Amino acid sequence: MLVSLNWLQTFVPLTLPPAELAQTLTIAGFEVEGMEDRRTWADGVVVGYVQTKEPHPDATKLSVCTVDVGQGEPATIVCGASNVQAGIYVPVALPKTYLPAIDLKLKKTKLRGVKSEGMICSLAELGLAKESEGIHIFTGEFTPGQDVRPLLGLDDVVLDVTSTANRADALSMVGIAREVAALTDQVVTLPEIPPQASPSSPALTVKLADGEACPVYFGTAIEGVKIAPSPDWLQFRLQAAGVRPINNVVDITNYILLEWGQPLHAFDGDRLQAVTGSSSLAIDVRLAQPGETLKTLDGQERALAAQNLLITANDHPVALAGVMGGEATEVHSGTVKLMLEAALFEPVAIRRSARAQGLRTEASTRYERGVNPAELDQAMHRAIALILELAGGEITAQSSQDHRPANLERSLTLRLSRLQQILGPVKTGEITAADVERILTSLGCQLTTTAPDVWSVTIPPYRHRDLEREIDLIEEVARLYGYDHFCDTLPHKTQPGIVPFATQTRQRIRTLFRAVGLTELVHYSLVKPEQAQISLTNPLLSEYSALRDELITGLLDAFEYNQAQGNGALNGFEWGRIFFKEGEKLQEADAIAGIMGGDSHPAGRWTTGGKGKPLTWYEAKGKLEAVFTSLGLTVGYEPTDGDRRLHPGRTAALSLGDQPLGIFGQIHPQLRRDRDLPEAVYLFQLQADVLLGAIAAQGTADFRNFSPYPAVERDLAFFAPTEISVAALTATMTQAGKKLLSGVELFDEYRGQNVPTGQRSLAFSLAYRAGDRTLTDTDVEPIHQSIRDALVTQFNVTLRS
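When we follow our numbering, the leftmost residue of the sequence shown carries the number 212, and every step to the right adds one.
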């Protein structure tokens, strides 16, 4: 929020220089992001009186002016503005004056042979407008040579103050004034608000269809107003706050929003009657109905959603409640009747309504944080008084619905012992009871002692949303006491930290996947609704309105995008959270997924004639196996066709013992063609909890010495039915070989001529090794024969060797 110090000091005396005040606010939690010293914009610019104007002898568009600038002899100034004339007061930049808005330092010069001793300025040259058609002309009587800054509102310093989301009161000048008063031990003086008569009339009634979303609404009819420009003081304050002046009525509503933090809206009374077709207005607040539309003040025709809260007149939508008014009923230059709205809206209702339209305004920002319910009446009466003063007219009717609770105050218990325990020592010892009472009283709290060093603290209504617990009061004491006054002490004894086993395991798994050449990827958990089971009820964007139930789709998209951008194959993995349904219950779990493909040896393409060599199924599987082996896990592979995105003959279901672990396979050829991917791309997805559970169940590692004795190798070949997996055969051989069998490796598979139909020829190399001796044929043959017998008995294979 932009805070004008000239405006601020009308509420509280400013005893600190601007820079020191900015530092004090920042330390107290109100970060000042910038400070704009508007006094420098026109330093050296004075009021000049144009005595004469003559045409330039050598330039048709230039004029030679004699200007009284209060220095005795008039100055001769060449001016190119079309609106310059004799007998007017103008801002004049004298020689040696620097104008930062146009980065120009004035000096005496000659223009087409005529001397010029300064420059008559426009508002753009003084930083008050983006563009100006001519020089600025003052209205009224002035003294030549006087400083123009007070006349243009440039005798001011503006602070850009950012408050935290819980401090709704800080989005107003009154709120900032209360904070400054508490920090500098001053007293806030609020403007005097004269009481206004509020007659009732059947021509204006208010009802609330949604009393929870709108607990209070005041509608005030004012007739006989005259729309005109606002006085300078009002325009200066709005401009300093970054608001463009429009007319007196609209400017007053914006002024009250900035002064009290209370949004107001003025409707044109005649236009309301034209929209409704009736001279009697029934104002209501309700949610939008299907098919309703509203053209808002920004000129957009908006299709209304069910979340949109509306202001209606005789059931015709005329405004988005708490967000923006309607164009059809806006105040204009011919307005003579007003209907002034002053209301409170529930923050969640306004947040949903604004988000549904993708619209955020100064009003919605304040309603979303929570407007002070206790000072609505003051803000409304202040606005009415200003309208009657600056635009004329009289109040003809007022109607309201008010469902605010009778008591808006809250009382909390605060213990000094608890405060000292949490905050610790300060440089002067400890925070005392007197310090607590002084600080909280300066914030508007009322303290009643209920026991020694225990208070019952009554919270002022404008802080009811952020002071809810004892810890909030303790924070306020620390903030205003000054964090720089606390002792900065270190613990007496430090201990080395540890990384939990689960975290170590996750880091280890990530490291192993990176070690086999996969890059770790991160995707959003939010996806398109057609890609997931669980949809969000209030999404930010329709493209991200559901929670993903698997990771493979995101990896495919990333692979395709990188390929299309000419970056080659993306070999990567992701560890992320997935969300799914089990019946009607929502579940979530961690998953690990990866994608591999492209040239298996990109650095050696010269050996293949530049064509590259696609990654084979076994090479891709080998990367996974390398990770599992490093983790000390034995993973089983079984054929599956459960995922249509994967090749039905090249997809395996992974398991750890009797627990399913995940899936691994090659992308289906049709999907590969549709996405224009390389020849062979492989995917896997694992259940992280199963993997982590298996690692945790291993317990202490079993270390064994390497055998110094050579292995004895035997080959074993046989015909086996094609439906029998190599994994099943290997498991049987391992079980039958007992401790002497140290390795089983498949080195040949053949299908075709001389192989029985429905079978395949397999050849294995079996390695036998002992740790205490060199094995002989006598040791090996019985074991080797038992393996052959087990294969024949269990799988009915036909032995060939």
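The beta carbon of each residue, even a glycine, is placed where N, CA and C say it ideally should be.
None of the values given here were measured: they were computed from a predicted structure.
With distances taken Cα to Cα, identify the nearest neighbour of residue i among the options.
i	options	result
S756	Q877, L732 and K739	K739
E247	A864, Y848, Q262 and N217	N217
T501	S489, L520 and S491	A small fix is needed here, since residue 501 is Pro in this sequence, not Thr. Nearest C-alpha to P501: L520.
Q589	R562, L684 and L475	L475
M591	S610, R580 and S575	S610
H879	Y893, G868, S866 and D869	Y893
L732	D462, N773, Y466 and F958	N773
K824	L555, G809, G728 and L236	G809
Y466	T669, E573 and K704	E573
R621	Y578, E641, L630 and I670	I670
G510	A493, E538, T504 and L498	E538
L549	W666, V460, Q946 and F241	V460
A452	L468, D801 and A493	L468
A420	S564, G324, P440 and H614	H614
N525	K418, A392 and T840	K418
P850	I313, Q877 and D358	Q877
D279	P268, P302 and H267	P302
Q473	V668, V427, P442 and S441	V427
L577	E681, G386 and W444	Reading the sequence as shown, one finds Arg at residue 577 and not Leu. When each option's Cα is compared against that of R577, the closest is G386.
T354	S409, K506, E552 and Q282	Q282
L902	D801, Y673 and L826	D801
G655	A939, H347, R984 and A388	A388
E754	L762, S736, A769 and I763	S736
Would you call the CB atoms of residue i and residue j closer than 9 Å?
i	j	result
G860	Q898	no
V688	L623	no
Q568	V534	yes
V398	V214	no
Y300	V261	yes
K272	G291	yes
A379	V582	yes
I806	L767	yes
G345	S327	no
I994	A947	yes
T504	L515	yes
R856	L882	yes
L651	V391	no
E586	I561	no
G435	V542	no
S918	S953	yes
V559	T523	no
E771	D887	yes
Mind reading off the beta-carbon distance from residue i to residue j? Whole number of angstroms is fine, and I expect it under 8 Å.
i	j	result
S383	E470	6 Å
R360	R448	Not quite, the Cβ-Cβ distance comes to about 15 Å (not below 8 Å), so this is no contact.
L322	A304	About 15 Å separates the two Cβ atoms, so there is no contact after all.
F790	I745	5 Å
I433	T607	7 Å
L394	A239	6 Å
T308	V256	6 Å
Y692	D646	6 Å
Y848	A863	4 Å
Determine, using beta carbons only, whether residue i comes closer than 9 Å to chain D.
i	result
L894	No chain D appears in the structure shown, which is made up of a single protein chain.
Between residue i and the ligand ADP, is the CB less than 8 Å from at least one heavy atom?
i	result
Q450	In terms of ligand content, the structure shown is empty, and the ligand ADP therefore cannot be addressed.
Inspect the CB distances between the stretch 970–985 and the stretch 923–937 and report whether three or more fall short of 8 Å. yes
Check whether the stretch 335–351 touches the stretch 361–376, taking contact to mean three or more Cβ pairs, one atom from each stretch, closer than 8 Å. yes
Does the stretch 957–972 come into contact with the stretch 931–941, if we say contact requires no fewer than three beta-carbon pairs (one atom in each stretch) closer than 8 Å? The stretch 957–972 is in contact with the stretch 931–941.
Any alpha helix (DSSP H) of 4 or more consecutive residues that is wholly inside the stretch 568–606: 573–580 and 587–601
Considering only residues of the stretch 235–269, which uninterrupted beta strand (DSSP E) runs meet the minimum length of 3 residues and lie entirely inside it, listed in chain order? 242–248 and 256–267
Unbroken stretches of the beta strand (DSSP E), 3 residues or longer, contained in the stretch 504–534: 504–506, 512–514, 520–524 and 527–531
Stretch pair the stretch 481–495 + the stretch 388–407: three plus CB contacts closer than 8 Å: Taking one beta carbon from each stretch, the stretch 481–495 and the stretch 388–407 have fewer than 3 pairs nearer than 8 Å; the two do not touch.
Measuring CB atoms only, is the stretch 414–434 touching the stretch 707–718, in the sense that at least three cross pairs come out at less than 8 Å? no
Could you tell me which uninterrupted alpha helix (DSSP H) segments, each at least 4 residues in length, are contained entirely in the stretch 934–964, listed from first to last along the chain? Runs of the alpha helix (DSSP H) inside the stretch 934–964: 937–948.
At 3 residues or longer, and completely inside the stretch 654–735: list those beta strand (DSSP E) runs for me, N to C. Taken in chain order, the complete beta strand (DSSP E) segments of 3 residues or longer contained in the stretch 654–735 are 657–662 and 665–670.
Starting from the N-terminal side, write out each stretch of the alpha helix (DSSP H) that is 4 residues or longer and does not extend beyond the stretch 883–911. 899–908
Restricting to runs no shorter than 4 residues, where is the alpha helix (DSSP H) found entirely within the stretch 447–514? 459–471 and 480–487
Where in the stretch 766–818 do unbroken runs of the beta strand (DSSP E), each at least 3 residues long, occur, reported from the N-terminal end onward? 783–793 and 796–808
What runs of the beta strand (DSSP E), each 3 residues or longer, lie entirely inside the stretch 287–361? 300–304, 320–322 and 325–327
Quick one: complete beta strand (DSSP E) runs, 3+ long, within the stretch 821–885? Counting whole runs of 3 or more residues, the stretch 821–885 contains the beta strand (DSSP E) stretches 847–850, 857–867 and 870–878.
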